[in-house]
Amino acid sequence: MNRIVIGIWLVMLVGSCSERQEIRYTDSSLPIDQRVADLLSKMTIDEKVAQMRIFHANLGIELDENEKLKLSDKVKGKLQNGIAGIKNPGEHLTPSKAALLNNQLQKYIIDNNRLGIPALFVTESYNGVDAFGSTKFGRPITMASSWDTVLVNKVWDVIGREARLRGMHMCHSPEADIVRDPRFGRMSEACSEDTHLTTEMVVSAIKGVQGDYVGLGNGTHIGAVAKHFAGYGQVLGGTNFAAIEISPRTLIDEIYPPFQAAVQRANTAGVMASHGDLNGIASHGNHELLTGVLRDEWGFQGYVVSDANDIGRLHYFMKVAETPEAAAIMGLTAGVDIDLYADDAYALLPEIVKVNPEIVADIDKAVARVLRTKFILGLFENPYIEVEAVAKGVHNQKSLDLALEADLESIILLKNENNILPINKTDYKKIALVGPLFDSTALWAFQQYAGNQVDFFFEKGFELTDGDNSVPQLNSPENFMKGVDRILQTVKKSDLVILFAGGDNSTAKEAFFNGALGDRHTIDPIGPQDELIEKIRALGIPVIVVLKHRRTLSINAIAEKANAILDCWDLSEMGNQAITKIMYGEVSPSGKLPVTIPRSIGQLPFHYSQKEINYKKGYLFLNNTPLYPFGFGLSYGDFKYSNLQLSANTIAANGKIAVSIDVTNNGNMQAKEVVQLYIKDMIGSVTRPDKELKAFSKIALAAGETKTVMFTITDDMLLFTGKEMKKILEPGDYKVLLGGSSITEVESLFKLVGE
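As structure tokens, then:
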């Protein structure tokens, strides 16, 4: 073989080997870690940093009149090196058109970055998928009121499927925050004041939306991003962006567990850092939190994303970084992998690397985690959506039926004086539907159910605010009073009033950075709602209150004057149908409060699991008990607890005690009860909570039926952080308490023995 032929052969061989190396990361038969390493080795610093940034689709991503992709020059510029992801593409389109848009957008991104790396399309999920045309479910705190983990899992399974069909891949949900301050406008985005209830709801939600993790790779579900890590719901004064002060013991025992479970039990794909600081350390620059706890202790392998613009805010808002460049380095080295929205943070990294080349190692770690997620989601093999399948899979009858079921399980009966509920159709022939939270779908639902047997009169009366999404203003006193008069004139025609009261979407919402407000200094009902119910009752007409709201309200006047109260929080699009079914007795209410309802804002903090010493003294001129306790909810059934049995009266490390309790429905219709198990540490080496929820079970009982409910007490239920700031099992006496709320009915003592 002559030298020329050998030379040509060698060039071809080298070229062939090079080509094989070039496509290695596209080989789906290889382990993901190998694919990530290969792809990472081929990337320039600009391409790497592009995989650490997300921008919002409102910068200019849309379909033109011919349903072709239309991008602004700004968007094209941001995509020239690829991108980690884009928030909410197609959010205002129908599901099918959103899928059409996202297919074209993904193809553009793949075709226009050198290595063909697909992007993550990201949504949020507070009432189902946060996009037009998706099934609207109840808020997270509403679903938590069901105390039904299986049902919550089913709802989030639908959310994951509907999101993936639109072309989404990740959602910045669910919130694993504990919410204990109803001044906070974002209260309804989270689940509960309680650590255990929140943990179980978050695990159920993440497993649902991710399709038990298997759904990520097979293209049916999306990845969850648990947020806000950590302590975000504990902002001082209940105002967004305020400082967060949490004792280290409370942080470990009460705030961390939902996040730890999200990582270790539910395998969440992502975690979002908290807007706030944590005991003086800005969360986005907190290496101990984002790397030490999250990764080193808990073994989290997914990516950490910033909350909106919060890496840059380490400089200009938190003021813990001297320059924007220092803020970017601080966020990167703390463990934040993706910068959400900002142009003044990770966008600076290519220039920063020239001066600080040592941070390339941190950049590589971050990019590897983002790429790993994309490989897990199967985006390199299957980046597109089958548009033909979207219409049947989104907002279908099955999803609407599930939304209705979730509402029926979540509505809480707070009061039922003289068993006015359920309504007998023959008792009331003229019903007034009134109040500021009334809407036309409520009228339709009642008319559909009652038919021609009942005459309905309706009058909204007044709006609470002007509905401004930035800084809403209260309606004027004059308009309030005119509205009250119109309602009273309508009410006089009726023999029963159904009053829709509470708070609208403008009175409890996120307070954005640009001056928007959403938190409140009081939790009293807005406007003349207390006066309204007093005037209606003065007419001698019975009143059933339907309470709709997104924050806890101190409903003292309503609790006193109403004949019955249905607490609905924020229901799905099927909510008014659910209200009607419960009100007429087709279904017994079975929701339970996920929070304590105080009598006054002055009682805060007032969660049920406070330390026992907090209950020693109350306030002058105020009953210091809750208006309604955590876990409370009435039923059309009548439940009796009896025959509490423990398999042993002692437990050792790694031991168990079986607990059984008989629950009987002495009512005359089938109903569901949430059996709740609490544990109280009688004597501790540190001051301990008054009691803590450790288990619950929702059961259905026919009229007259008795069921034996079983629980297991395990040693991990008794763990707490001791004097040395380490988790300990402390020998001594404990009490197990069971009942239908945190005001329990039966109890028994047991002892933890041994070292």
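Just so we're aligned, residue 1 is where the sequence shown starts under this note's numbering, counting upward by one. For glycine and all other residues, C-beta sits at the position ideal for the given N, C-alpha and C. In this text, all values refer to a predicted model and were calculated from it rather than measured experimentally.
- Your pair K672 and S742 does not check out as a contact, with CB atoms roughly 18 Å apart and the cut at 8 Å.
- Residue pairing for G739: DSSP places it in a beta bridge opposite Q676.
- By the Cβ rule, the segment 604-622 counts as touching the segment 165-182, because three or more pairs are nearer than 8 Å.
- Secondary structure in the segment 390-430: the beta strand (DSSP E) runs of 3 residues or longer, each lying completely within the stretch, are 412-416 in chain order.
- With contacts defined as CB atoms closer than 8 Å, A653 and D567 fail to qualify as a contacting pair.
- Restricting attention to A308, N475, K751, T490, the CA atom closest to the CA of T650 is found in K751.
- Secondary structure of V484 (DSSP, three-state): helix.
- Excluding its 5 nearest sequence neighbours in each direction, L627 has C-beta neighbours in its own chain below 8 Å: S554, I555, N556, A559, I597, P598, R599, listed in chain order.
- Sequence-distant Cβ neighbours of K42 in its own chain, meaning closer than 7 Å and more than five residues away, are L115.
- In this structure, the alpha-carbon of H287 lies about 20 Å from that of V49.
- Counting only runs of 4 or more residues that sit fully inside the segment 570-636, the alpha helix (DSSP H) segments are 575-583, in chain order.
- For R550, the three-state secondary structure derived from DSSP is coil.
- A straight-line Cα-Cα distance of about 8 Å links K429 and F456.
- By the CB criterion at 8 Å, I222 and R164 fall inside the cutoff.
- Residues of the same chain with a CB within less than 8 Å of the CB of L499, apart from the 5 flanking positions on each side, are V434, G435, L532, I533, I536, V543, I544, V545, V546, A562 in chain order.
- Taken atom to atom, the span from the alpha-carbon of H549 to that of W569 is near 5 Å.
- Within the same chain, Cβ atoms closer than 6 Å to the Cβ of Q670 are found at A702, the five residues on either side in sequence being excluded.
- For K640, the three-state secondary structure derived from DSSP is strand.
- By the criterion of at least three beta-carbon pairs nearer than 8 Å, the segment 317-336 is not in contact with the segment 368-378.
- Secondary structure of T708 (DSSP, three-state): strand.
- No Cβ-Cβ contact shorter than 8 Å links M168 with T198.
- Cβ neighbours of D733 within its own chain (closer than 7 Å, five residues either side excluded): M682, I683, L749, K751.
- Around the beta carbon of K493, fewer than 16 other beta carbons sit within 10 angstroms, so the residue counts as exposed.
- The C-beta of L738 has 16 or more other C-beta atoms within 10 Å across all chains shown, which makes the residue buried.
- DSSP places M272 inside the beta strand (DSSP E), whose first and last residues are 270-273.
- Secondary structure at A557: helix, using DSSP grouped into helix, strand and coil.
- Runs of beta strand (DSSP E) with 3 or more residues, each lying fully within the segment 475-536, are found at 496-502, listed in chain order.
- Judged by their CB atoms, G540 and L464 are not nearer to each other than the 8 Å cut-off.
- Assigned with DSSP and collapsed to three states, R688 falls in coil, not helix or strand.
- Cβ-Cβ distances below 6 Å link N668 to A703 in the same chain, with the five nearest sequence neighbours on each side left out; the list follows chain order.
- The segment 467-477 and the segment 438-450 do not touch, with fewer than 3 CB-CB distances between them shorter than 8 Å.
- Here V497 is actually not in contact with A99; their C-beta atoms are around 46 Å apart, not less than 8 Å.
- Ranked by how close their Cα comes to the Cα of A334, the residues G60, D362, R265, F639 have D362 in first place.
- Inter-residue distance for K482 and A262 is about 50 Å (C-alpha atoms, whole angstroms).
- E200 has no beta-bridge partner at all, per DSSP.
- Rounded to the nearest whole angstrom, the CA to CA distance from G217 to A269 is 12 Å.
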